[in-house]
Amino acid sequence: MEKKLHLHMGFDRISGLPDPIKAHILSQLPTIDAVKTSILSNTWRAMWTQIHTLDLSRNKLPNLLTYSYSFYTYVNDSTKVSKETIIRTRELFYEFLDRAFESISMLEKLKLYVPGVGSDSKFRLDTWIERGFGFRQLIEFNFELGYESSENFRYCLPNCVFSSNLIRKLTLVNCEVGSSSLTDIHLPLLCDLCLVHVYLNGEAMSSLISNCPNLEDLNFDTCNGLESLEISGLLKLKKARIKYAYENPLAIEIEAPSLLEFTYECENFCDNEGFCEIELVDCLNVKRFTAIGTALDDYDLHYLLRRLPSLERLELYHCDCLRNIEFSSPKLVHLEFVHCGWLRKAQVNAPNLKVFHYEDDEPITLPLRGTTPRLNEAFVYLKPDNKNDKYYAVLVQFFAKLRHCERLILCVGSEEDLIVSEKVRMKTRPPLSGVKHLMVKLRVPFKKHTPVSFVEGLLWLAPCPETISISNSCIPVLKSLEFVYEKPLKSQTKCGCWKSLTINCWRHSLNKVTIENKKGAEDDTRLANFLRNARIDGKIVDCSYKSFGPNQRRTEVHDGTISF
55 MEKKLHLHMG FDRISGLPDP IKAHILSQLP TIDAVKTSIL SNTWRAMWTQ IHTLDLSRNK
115 LPNLLTYSYS FYTYVNDSTK VSKETIIRTR ELFYEFLDRA FESISMLEKL KLYVPGVGSD
175 SKFRLDTWIE RGFGFRQLIE FNFELGYESS ENFRYCLPNC VFSSNLIRKL TLVNCEVGSS
235 SLTDIHLPLL CDLCLVHVYL NGEAMSSLIS NCPNLEDLNF DTCNGLESLE ISGLLKLKKA
295 RIKYAYENPL AIEIEAPSLL EFTYECENFC DNEGFCEIEL VDCLNVKRFT AIGTALDDYD
355 LHYLLRRLPS LERLELYHCD CLRNIEFSSP KLVHLEFVHC GWLRKAQVNA PNLKVFHYED
415 DEPITLPLRG TTPRLNEAFV YLKPDNKNDK YYAVLVQFFA KLRHCERLIL CVGSEEDLIV
475 SEKVRMKTRP PLSGVKHLMV KLRVPFKKHT PVSFVEGLLW LAPCPETISI SNSCIPVLKS
535 LEFVYEKPLK SQTKCGCWKS LTINCWRHSL NKVTIENKKG AEDDTRLANF LRNARIDGKI
595 VDCSYKSFGP NQRRTEVHDG TISF
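Counting in our numbering, the sequence shown runs from 55 upward without gaps.
Here is the structure:
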């Protein structure tokens, strides 16, 4: 009876738990919520100081702490009040940090965002960081300084940050690493280093790299103070990402025998006159190379890829200096060209290629050398300006290189982008004869329903698919068509609709079609009638269609018979 009374009156059982259990419970909460428990009772007042992770990163703080003074520049008379509010809020936050670093007994992870700092507050900031590292248990430190600092002040980190025997992950944003920061540098266990908008010179960078013998992951993002970046001696380095600003180009040389992934990026995409000087030395194990917005030209790319014999994944995004590239990569399985605006021709010898991704306005010439690879998947995004016979002829040639593809995804504006003109059809053969699953994503909705001419156009491109799906990003439409074909007899020859096309096309062998509207509800009567009577030999095709529209009952039509 007493137990039921306590439950009815809201008796606090959690407060009676041992302190280690309560501390563990708090450790599962966001830091801000853990701190809020201090107002529950005297029992909880200091409990949050026993948590081992203090996460006060930018995305965990109230918006008012992340605003700059100029946030309200274009607001009316309330500007002055708003600025004062920001200043007052920051000071309250800083006072909380004073108390927190006085009270916390141990930290393993510290993530700290400081909105703004000037020379007058450097000592205060040094104190917080030194106390954080003073616990000698810190294994992860993430520090970000707000971009608004008084008098163009650059905050130079104290040397305790770089003399920790236990730190494993270090992220620094918008600060400085000076000579005073590295007087006692010793980072034997550091395996993950991320520098974003950090100011440091070549000597500081060299000292930092040479004292991280176990570094595995390096992220160098638009840092200032360097004209060149040389990385060597990191025998365990597996991933490196180098990002530079267009106005501050870097000459890069990396020697890392264990490197597996490398990303090379320009912050503001380079134009045709961009600077590029990169050297990968003894990086024979690199499996993934990504270039984003860089000034790599045809020669640069060819030279780089020759020195990456183990490459499996190549991703080129917005590389506008590429024109006509040619390379061989025997182990390459994944290839992407995304908005490389001036790329016109890619002559690639990749016999083991399995995934191909292409995005641009127009298709390119793709003379794949050697045997046409049997792809598992290909994705093609097109946005053509002129849909004329020249465009369709190039499109057919482009698709022909993807004919042995298990699953092909086409993302286009409207159906006209894919309905090849009759003139071009008369001169060519269907390019996607080996495609089994064709998926089409449209960016412009149909006026009424899926046109029969569009489905017929897709079946000309891929004359013997197992499935075709059509979706639209503007309206909730997802239509799928599943095809079943007659098995040819041993003595029966191929239909012979196109020379050297060794398949029986759908007009000669289609046996059954199932049309299904998984999203949206369309009247597929016309489409079903077209497919039912499409065989050249006059044989009727078994055709049924189903609809699963929103808030509608399941409707199925089989040879004119409707069922619910």
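Here a beta-carbon is modelled for each residue, glycine too, at the ideal position from N, C-alpha and C.
Remember, it's a predicted structure, so these values are computed and weren't measured experimentally.
Looking at C-alpha atoms only, which residue of the options is the closest neighbour of residue i?
i    : options                : result
G232 : K341, M493, L254       : L254
L115 : D415, R153, P169       : P169
V250 : K444, F207, E198, F150 : E198
L376 : D351, A154, H393       : D351
C337 : K444, S234, L288       : L288
S598 : L535, H372, V506       : L535
L45  : H491, C528, Y148, E476 : In the structure as shown, the chain begins at 55 and stops at 618. Residue 45 is therefore absent and cannot be evaluated.
T237 : S217, F453, D246       : S217
E704 : S527, M493, I529       : The structure shown has nothing for residue 704, since the chain only spans 55 to 618.
I529 : A299, E162, N117, K495 : K495
E476 : S111, S487, V450, E369 : V450
P267 : S527, E321, K292       : K292
D374 : L389, T348, D354, L355 : T348
S468 : F155, L486, H503       : H503
H106 : T120, E162, E510       : E162
S507 : E270, S175, L585, K455 : L585
G186 : S383, L151, G200       : L151
Taking C-beta to C-beta, are residue i and residue j nearer than 8 Å?
i    : j    : result
C214 : E184 : yes
F391 : L362 : no
C459 : V434 : no
R561 : A588 : yes
N339 : L358 : no
V523 : L515 : For clarity, residue 523 is Ser in the given sequence; the question names Val instead. Not a contact, by the Cβ cut-off of 8 Å.
I296 : F274 : yes
C394 : D415 : no
L401 : P427 : Here residue 401 turns out to be Gln, not Leu, going by the sequence shown. Cβ distance not < 8 Å, so Q401 and P427 don't count as in contact.
I305 : S282 : Note on residue identity: the sequence assigns Ala, not Ile, to residue 305. Closer than 8 Å, so yes.
A447 : V466 : no
T208 : E230 : Rather than Thr, the amino acid found at residue 208 in this sequence is Arg. Yes, Cβ-Cβ distance for R208 and E230 is below 8 Å.
E366 : V335 : no
F381 : P417 : no
A454 : P505 : no
L119 : T143 : yes
Report the three-state DSSP secondary structure of residue i (helix, strand or coil).
i    : result
A349 : coil
H503 : coil
R367 : strand
A305 : strand
T568 : strand
L362 : coil
R586 : helix
V135 : In this prediction, V135 has a pLDDT of 46, which is less than 50 and means its spatial position is unreliable; nothing more can be read from the coordinates.
A294 : strand
N255 : coil
I263 : helix
N268 : coil
C210 : strand
V340 : coil
S234 : helix
D109 : strand
D591 : coil
F197 : strand
Roughly how many whole angstroms lie between the Cα atoms of residue i and residue j?
i    : j    : result
I463 : F316 : 27 Å
L537 : K481 : In the sequence on display, residue 537 carries Phe and not Leu. If I take the Cα positions, the gap works out to 27 Å.
T127 : K137 : Caution is warranted here: a pLDDT of 46 is assigned to T127, below 50, making its placement in the model unreliable, and the coordinate value is therefore given only provisionally. Taking the straight line from one Cα to the other gives about 9 Å.
V498 : P438 : 14 Å
I285 : G279 : 16 Å
I140 : N196 : 23 Å
I221 : T181 : 18 Å
N558 : I346 : 43 Å
N682 : A299 : One cannot answer for residue 682 here, as it falls past the ends of the chain, which runs 55 to 618.
E149 : L108 : 16 Å
L564 : L512 : 15 Å
R423 : P517 : 25 Å
L244 : L224 : 7 Å
M259 : L389 : 33 Å
N113 : G172 : 23 Å
Let me check one thing: in DSSP terms, what residues is residue i bridge-paired to?
i    : result
L179 : L179 is not bridged to any residue.
H491 : R461, T521
F329 : BP columns for F329 are empty, so no partner.
A400 : I379
H411 : E390, F433
D275 : V250, K297
D174 : DSSP lists no partner for D174.
Compute every distance between the C-beta of residue i and the non-hydrogen atoms of the ligand FMN, then say whether any falls below 7 Å.
i    : result
I263 : Absence of the ligand FMN from the depicted structure is noted, as is the absence of any ligand whatsoever, leaving it without description.
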